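In this text, residue positions in the sequence shown follow this note's numbering: the first is 372, and each later residue adds one.
Glycine residues also receive a C-beta, built at the ideal position from the N, C-alpha and C atoms.
Model, not experiment: these values are computed from the prediction.
All remarks here apply to the structure that follows.
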Amino acid sequence: MQGVFITGSGSFLPGAPVDNREMESRIGFLGEHSRKLKALTLRQNGIRQRHYALDAEGNPLFTNAQMAARAVEAACDAARRDPAQLQYLACGTTQADFLVPGIASAVHGELAHTPMEISSHQSVCGSSMMAIKSAWLNVHAGQHRIAAVSGSEFSSRWFQPGFYRAIDFSLMNTQQAMQYEFLRWTLSDGAGALVMEAEPNPQRPSLKIDWIEQKSFADRFPTCMFAGTRDNSPEDAKPWAHYESPGAAYEQGAIVLRQDFDLLDQMFPVWMGYFLEVLDKHQLSPRDIRYFLPHYSARALGERMKTLLTRSAAMIPEERWRNHQQEVGNVGSASIFLLIDRLLREEKLERGDRILCFVPESGRCLASFMSLTAV
Numbered sequence: 372m373q374g375v376f377i378t379g380s381g382s383f384l385p386g387a388p389v390d391n392r393e394m395e396s397r398i399g400f401l402g403e404h405s406r407k408l409k410a411l412t413l414r415q416n417g418i419r420q421r422h423y424a425l426d427a428e429g430n431p432l433f434t435n436a437q438m439a440a441r442a443v444e445a446a447c448d449a450a451r452r453d454p455a456q457l458q459y460l461a462c463g464t465t466q467a468d469f470l471v472p473g474i475a476s477a478v479h480g481e482l483a484h485t486p487m488e489i490s491s492h493q494s495v496c497g498s499s500m501m502a503i504k505s506a507w508l509n510v511h512a513g514q515h516r517i518a519a520v521s522g523s524e525f526s527s528r529w530f531q532p533g534f535y536r537a538i539d540f541s542l543m544n545t546q547q548a549m550q551y552e553f554l555r556w557t558l559s560d561g562a563g564a565l566v567m568e569a570e571p572n573p574q575r576p577s578l579k580i581d582w583i584e585q586k587s588f589a590d591r592f593p594t595c596m597f598a599g600t601r602d603n604s605p606e607d608a609k610p611w612a613h614y615e616s617p618g619a620a621y622e623q624g625a626i627v628l629r630q631d632f633d634l635l636d637q638m639f640p641v642w643m644g645y646f647l648e649v650l651d652k653h654q655l656s657p658r659d660i661r662y663f664l665p666h667y668s669a670r671a672l673g674e675r676m677k678t679l680l681t682r683s684a685a686m687i688p689e690e691r692w693r694n695h696q697q698e699v700g701n702v703g704s705a706s707i708f709l710l711i712d713r714l715l716r717e718e719k720l721e722r723g724d725r726i727l728c729f730v731p732e733s734g735r736c737l738a739s740f741m742s743l744t745a746v
């Protein structure tokens, strides 16, 4: 088995940053409740600006795959590699541009350099680590020597008012409406990518991948963040394709994206328990971690994470946390790539620095961890 090193990273954030005052010019309001719930959500998530792949008239500027391809090209440039040298491509996203084929086929088509092996991963935030682990294992096993991996999102197209015309918000209280509104005022667009190789880059700092741990707890939870059904109870979770037509699924509210906050609240102890399990398995002390890159959907949830870690005596000193969600928004599966890219660009890494990445996903409760060492 050979070592695996992150030798390059890249980000692609579409368009100019959109501040909180401009948001409705891109995704609009759903009704009278929207302005109030926008303000409430922004207080919770702490986001000040984000990027959208839609212009002010709602026209798409890019596809999901195009953003991912640009991030891969940026990562290749940082690694001093031509994209034609890639032998393996793994891509993760929440929703690709098409129902069929997978996101990796579309990204490979955008790169259009050379035939290669590909792998598509579809989940929510956790699809990032699924794709990363796929590329890591392929290089680790000696199947390939140079791989690229991306995470990308085009969430804003889901949030156009036309998607919600079948939903009667006038019959809902604030809590019920929030399951739709929170995601609209939190998620944003963009892509990030990494290049992995069997040798470190001799000209710039590289990150050795020590291990990746990922576990699903879907056996304990129904879906929490979901689209493609109008209900997340196991008895009533009828898939959109089981309606008589896509139009019928839309008319009955089975297309829109939503979040079950009661379930989300129940997931935190599970994630933190798994955190402790991973630390124990790898005999890793919080004191050993020089940089902690956690992905969380809102500042309020990050604060809860800190509280639970402190109670468990597993709190990593706060000055070692790195998260820039307030500047770029919650970019889902792209978020951990953006965090790693910023770390490599802005921090003065020293040989031996340990970096711990943490990606929880509320889709149906899973969590991922990745340990990196600067070389």
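query, result
"Identify the continuous alpha helix (DSSP H) that holds LEU727 and give its terminal residues.", "Looking at the DSSP string, LEU727 is not in any alpha helix (DSSP H); the run it does join, the beta strand (DSSP E), is 725–732."
"Can you give the beta carbon distance from ASP631 to GLN514, rounded, assuming they're within the 8 Å contact cut?", "Not really, about 39 Å apart at Cβ, beyond 8 Å."
"May I ask you to verify whether the segment 545–560 touches the segment 498–512, counting CB pairs closer than 8 Å and requiring at least 3?", "no"
"If you scan the segment 511–595 from start to end, which runs of the alpha helix (DSSP H) of 4 or more residues do you find wholly inside it?", "545–555"
"Rank CYS728, PRO593, ASP390 and GLN456 by C-alpha distance to the C-alpha of ARG691 and give the top, closest one.", "CYS728"
"In the structure shown, what three-state DSSP assignment does GLU488 receive?", "strand"
"Just the Cα atoms here: how many angstroms apart are LEU709 and LEU565?", "10 Å"
"Does DSSP put THR465 in a helix, in a strand, or in coil?", "coil"
"Ignore the nearest five residues each way along the sequence and tell me which others in ALA440's own chain have a CB closer than 6 Å to its CB.", "VAL478, GLU481 and LEU482"
"Quick check on VAL478: does DSSP put it in helix, strand or coil?", "helix"
"Count the CB pairs spanning the segment 630–644 and the segment 731–738 that are closer than 8 Å, and state whether there are at least three.", "yes"
"Would MET741 be called buried (16 or more neighbouring beta carbons within 10 Å of its own) or exposed?", "buried"
"Taking the beta strand (DSSP E) that LEU664 belongs to, which residues open and close that run?", "662–665"
"Using only the alpha-carbon positions, how far apart do ALA424 and GLU403 sit?", "26 Å"
"Assign ALA455 to one of three DSSP states: helix, strand, or coil.", "helix"
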